[in-house]
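Comments concern the structure below.
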Amino acid sequence: MATATLLDQAAVLASGRKNSVIPCFENLRATAGIPKVALQKRNSSCKNEKKGVRMTLTTDSTTFSQRTRPTKDPLSPEFLPIPSFEECFPNSSREFKDVIHEETGTTLRVPFRRVHLSGGEPPCDLYLTSGPQNLNARTGLPHLRKSWIEKREARGDERFTQMYYAKQGIITEEMLYCATRENLDPEFVRAEVARGRAIIPSNKRHLELEPMIVGRKFLVKVNANIGNSAVTSSIEEEVQKLQWSTMWGADTIMDLSTGRHIHETREWIMRNSPVPVGTVPIYQALEKVDGIAENLTWEVFRDTLIEQADQGVDYFTIHAGVLLRFIPLTARRMTGIVSRGGSIHAKWCLAHHKENFAYEHWDDILDICNKYDISLSIGDGLRPGSIYDANDAAQFSELATQGELTRRAWEKDVQVMNEGPGHIPLHKIPENMEKQLDWCSEAPFYTLGPLTTDIAPGYDHITSAIGAANIGALGTALLCYVTPKEHLGLPNRDDVKAGVIAYKIAAHAADLAKQHPQAQAWDDALSKARFEFRWRDQFALSLDPVTAQSFHDETLPAEGAKVAHFCSMCGPKFCSMSITEDVRKYAEAHGYGDPAEAIKQGMEQMSAEFMNAKKTISGEQWGEEGGEIYLPESYIANSKGKIGA
């Protein structure tokens with residue numbers, strides 16, 4: 001079946017409408033060989049663009065009502081604005097490092113965030129995920145990788161995966177791009193991809209992608225889940241969540257839409273995403289059979305994979321490790337099977353008493369991934385959904401199967417990462433990491449948290465970030481964020497930000513624990529600014545400058561407070577850093593030099609003072625030169641009398 005026909009039919013079935021049109025952009029149609037379709041004419045500018053709109057941690061009623069309206073026209077959504085990069089990151093600029101790809105001579109422009117500091121301090125350069133700014137969402141992002149892909153297709157390469165090229169000893173543009181972002185040697189990147197310890201999710205149809213790498217020897221990355229449900233959300237809101245999550249540091253996103261316009265929602269997300277996009281294809285496949293799991297077939301699932309692959313999806317989560325014989329192991333669990341994908345496959349297996357069709361057709365799935373360079377995220381459909389179920393037989397049986405599927409994928413040069421739990425108490429986290437490294441041959445681990453306690457609905461971004469920092473320090477490469485709405489509802493844009501920030505903290509804490517090169521430079525720059533009372537620099541260097549400054553402004557809003565040597569916590573008299581600064585100035589004024597010398601001289605001075613002490617009370621002199629350790633009784637009695645008075 002021709003690609004265009006397959007995709008058109010899939011879109012019609014997905015939307016439930018006859019004579020539907022896939023809302024692909026003209027440039028994507030040209031790449032995929034899909035005939036052009038005239039879109040409805042509409043003003044190309046976003047109706048709701050406003051300057052100075054501030055995103056906060058609290059949703060106001062006006063934007064809430066605007067946000068929750070269903071999409072009127074999936075071919076021409078009325079996209080919502082977000083604050084600019086400059087508003088979110090004051091005193092920062094988007095800069096580029098130019099590097100030349102030796103094999104092709106292509107110049108790569110690799111973005112980073114430069115924080116400009118005061119007082120003659122050098123700037124602090126940070127990893128950047130926000131992508132190009134100030135562009136119309138209807139137009140989409142520039143085609144950064146177009147020439148890279150065209151050259152490979154013109155050569156007629158046997159395969160198109162990054163692992164294939166890495167095994168051939170070829171450093172691709174994507175590998176060089178990732179190495180530049182991480183400040184590492186490109187050859188090191190190539191070797192890790194060839195070995196399977198790292199992946200670069202990069203579907204050749206996702207031309208807008210700014211490549212990134214996932215692996216335990218690299219910076220710990222964060223994934224943000226977005227996507228609508230049958231109950232709420234719209235295309236406009238999901239694209240806004242994409243833009244908002246990448247603004248605050250999401251390294252990848254997953255579109256987990258299960259509601260209306262699944263295909264169209266994903267199309268708009270793909271064309272506006274500078275980061276890799278993942279999906280769980282079984283969700284859309286289930287929608288195509290009207291939500292009846294028993295009616296799923298391999299053919300429906302295969303067509304869904306091809307449809308999503310042609311749109312540019314960079315990685316698939318497929319729960320091929322949920323085998324028929326493992327399902328009874330969940331019977332004694334407190335919370336059973338909590339994975340949506342896992343439960344769908346389990347229900348199909350039980351209904352037909354057959355093995356999981358994703359497992360049975362694994363080689364066919366690998367062939368699709370090979371054609372497009374799609375990475376596989378082998379799902380943990382039997383992950384524990386409660387502390388009670390952590391590290392049980394069902395969970396670890398599936399993990400062992402993930403290892404088998406990983407090695408089979410590597411034989412066909414398909415990049416793989418393994419998904420992990422879930423709900424795990426702190427003392428059981430190390431066992432998960434150890435088994436994954438052993439059983440899955442060191443493929444990257446991608447975990448949902450884990451949540452370390454079940455008692456905090458509304459705060460699960462915190463309960464899970466604790467586990468994420470721990471497992472990240474042990475070697476997990478990609479952390480799937482959890483928002484405050486986990487277990488409670490579909491997250492809105494503010495929940496997305498809260499989840500991303502919590503997980504960026506966890507990821508950076510893990511990088512520090514792993515002693516990743518240059519990770520501590522960021523902390524050192526902020527600590528120095530804090531000690532020197534450079535408040536503006538403190539705000540600019542923080543993960544969330546706007547929130548940091550707003551907290552300071554609550555009690556000290558005046559401009560003069562931004563140069564004051566205290567904050568509202570201690571005030572001017574009790575600030576430890578201000579007192580320490582006074583001590584340093586005193587030491588310098590008296591020629592003590594460095595702190596060690598000051599301590600030495602201070603101790604010598606106090607010793608001399610003690611040795612020469614004269615103790616006088618009420619005019620009576622006691623002791624001789626050299627001081628007294630055992631004082632006369634009259635001295636002690638007299639002293640007690642004065643204290644008692």
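Counting in the UniProt record's numbering, the sequence shown runs from 1 upward without gaps. For every residue, glycine included, the Cβ atom is placed at its ideal position computed from N, Cα and C. Keep in mind it's a predicted model, so treat the numbers as computed, not measured.
Inset, instruction - Please find out if some non-hydrogen atom of the ligand MG comes closer than 6 Å to the beta-carbon of SER118. - result: Judged by which ligands are present, the structure shown has none, so any question about the ligand MG falls away.
Legend entry - Limits of the unbroken alpha helix (DSSP H) element including ASN418: From DSSP, ASN418 is part of no alpha helix (DSSP H) but of the beta strand (DSSP E) over 416 to 420.
Legend entry - Residues bridged to LYS217 [DSSP beta-bridge criterion]: In DSSP, LYS217 forms no bridge with anything.
Inset, instruction - Measure the C-alpha to C-alpha separation of GLN240 and ASN134 and round it to an integer number of angstroms. - result: One C-alpha to the other measures close to 13 Å.
Inset, instruction - Please determine, among GLU210, GLU153, GLN515, the residue with the shortest C-alpha to C-alpha distance to LEU144. - result: Minimum Cα distance to LEU144 is reached at GLU210.
Legend entry - Anticipated Cβ contact below 8 Å, THR452 with THR463, distance rounded: That pair is a contact at about 6 Å.
Inset, instruction - State yes or no: is the C-beta of ALA509 within less than 7 Å of the C-beta of ALA548? - result: Taking 7 Å as the Cβ cut-off, ALA509 and ALA548 do not qualify as a contacting pair.
Legend entry - Among ASP454, GLN436, THR555, PRO122, the one whose alpha carbon lies nearest that of THR335: Minimum Cα distance to THR335 is reached at ASP454.
Inset, instruction - Counting only the same chain and skipping the five closest in sequence on each side, list residues whose C-beta sits under 6 Å from that of ALA502. - result: Closer than 6 Å at Cβ, skipping near neighbours: HIS461, ALA465.
Legend entry - Cβ-based burial, PRO74 [other Cβ within 10 Å; buried from 16]: The Cβ neighbour count for PRO74, taken over all protein chains shown within 10 Å, is at least 16; the residue is labelled buried.
Inset, instruction - Take ALA198 as the anchor and find which of VAL214, GLU87, LYS204, LYS288 has the nearest alpha-carbon. - result: Closest by alpha carbon: VAL214.
Legend entry - Run of the beta strand (DSSP E) containing ARG113, from where it starts to where it stops: Run containing ARG113: 107 to 115, per the beta strand (DSSP E) assignment.
Inset, instruction - Would you check if the distance between the CB atom of ASP255 and the CB atom of GLY227 is smaller than 7 Å? - result: It is a contact, given that the beta carbons lie within the stated cut-off.
Legend entry - ALA394 versus GLU532: straight-line alpha-carbon distance, rounded: C-alpha separation (whole angstroms): 54 Å.
Legend entry - Exposed unless 16 or more other CB atoms sit within 10 angstroms - verdict on VAL242: The question names Val, but residue 242 is Leu in the sequence shown. Per the 10 Å Cβ criterion, buried.
Inset, instruction - Give the range of the alpha helix (DSSP H) segment to which PHE445 is assigned. - result: Premise fails: PHE445 lies in the beta strand (DSSP E), 445 to 448, not in any alpha helix (DSSP H).
Inset, instruction - Assess, as a yes-or-no matter, whether the segment 313 to 323 is touched by the segment 369 to 380 under the definition of 3 or more beta carbon pairs within less than 8 Å. - result: At 8 Å Cβ cutoff, the stretches touch.
Inset, instruction - Have a look at SER130 and GLU153 and give me their C-alpha separation to the nearest angstrom. - result: Annotation: SER130 to GLU153 spans about 29 Å, alpha carbon to alpha carbon.
Inset, instruction - Could you check if ARG181 is buried or exposed, using at least 16 other CB atoms within 10 Å of its CB as the buried criterion? - result: Classification for ARG181: buried.
Legend entry - Straight-line gap, GLU434 to LYS514 (C-alpha atoms, nearest Å): Roughly 16 Å separates the two Cα atoms.
Inset, instruction - Can you check DSSP and say which residues form a bridge with GLU95? - result: Per DSSP, PHE112.
Legend entry - Classification of ASN481 by the beta-carbon crowding that lies within 10 angstroms, buried from 16 upward: The sequence shown places Tyr at residue 481, not Asn. When all chains shown are included, TYR481 counts as buried.
Legend entry - Whether HIS427 touches GLY385 by CB criterion (7 Å): Cβ atoms of HIS427 and GLY385: not closer than 7 Å.
Inset, instruction - Tell whether a beta-carbon distance below 7 Å holds between PRO425 and ILE471. - result: No, they are not a contact pair.
Legend entry - Under 7 Å between C-beta atoms of ALA346 and ILE327: Yes, these two residues count as a Cβ contact at 7 Å.
Legend entry - contact_flag[the segment 175 to 194, the segment 350 to 365] where n(CB pairs < 8 Å) is 3 or more: Output reads no: the segment 350 to 365 does not touch the segment 175 to 194.
Inset, instruction - Drop a sphere of 10 angstroms on the beta-carbon of ASP553, count the other beta-carbons inside from all chains shown, and report buried for 16 or more, exposed for fewer. - result: Counting other Cβ atoms within 10 Å of its Cβ, ASP553 stays below 16 and is therefore classed as exposed.
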